[in-house]
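Participant:
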Amino acid sequence: MQWFLAVERRLTRVALELAILALAIVVALAFYQVVTRFVFGHPSAWSEVAARSAMIWMVFLGFAAAFRQGTMIAVDFLVDVSPNAFRRVLYVVILIASLIFLAILIWYGWGMTMRVRSQNLAGLQVTIAWVYAALPVGSALATLGVIARFIEVWNEADTTTKSELKDVESAI
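The opening residue of the sequence shown carries number 1 in my numbering; numbering runs sequentially from there.
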């Protein structure tokens, strides 16, 4: 189990670093677009498309990190006010719902990627499939993150339950 968590942690870290890099690329390309359009009066034909593509990758790579940290689906209130027995059920429901959602994104994202692989991005001689690939790639990384998050939360719940039982036993 530790090897899975270590591999997932590294993959999620790389995804987050790539999302940050994509953000820097978006900013640089948007700045370039503004300069070429308003300073030189000759807008770049490719920078807007490239910036949009980098933004899509940024979102789906960041999406993986958000799922891993548990910040994508906010049910903190229900988790905080529920007893431990219900928390475990809630964690399982969240896991199943997230995995179903991500499986749908992977399935349809892969299908769309395959359908558009013969089309090129406007202004660039790159297949648009590279942009659509962000959906299944980010969702697959998010799937690993959801599973790892569940494992860690489940183990924390075990530890919490055991410590609560010891507190009750010592009080008696």
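Where is the CB? At the ideal position from N, CA and C, for every residue including glycine.
1. Using alpha carbons as the reference points, say which of I104, A148, F60 and L102 lies closest to V7.
2. With DSSP collapsed to three states, give me the class of T113.
3. If I measure Cβ to Cβ from Q119 and keep anything under 6 Å in the same chain, skipping five residues before and after, which residues do I get?
4. Where does T71 sit, in a helix, a strand or coil, going by DSSP?
5. On the CB-based measure, 16 or more other CB atoms within 10 Å of its CB, does M114 come out buried or exposed?
6. Note down the Cα distance separating A133 from R87, rounded to an integer number of angstroms.
Facilitator: Working from what's here:
1. Residue 7 sits at position 7 when you count from the first residue of the sequence shown. Looking at the Cα atoms, A148 is the closest of the given residues.
2. Against the sequence shown, residue 113 aligns to sequence position 113. Helix at T113.
3. The residue given as residue 119 occupies position 119 in the sequence shown. Closer than 6 Å at Cβ, skipping near neighbours: I128.
4. Here residue 71 is taken as the residue at index 71 of the sequence shown, counted from 1. Residue state, collapsed to three classes: coil.
5. Looking up residue 114 in the sequence shown gives position 114. Classification of M114: exposed, given that the 10 Å Cβ count is below 16.
6. Reading the sequence shown from its first residue, position 133 is the one you call residue 133. Reading the sequence shown from its first residue, position 87 is the one you call residue 87. Approximately 35 Å between the Cα atoms of the pair.
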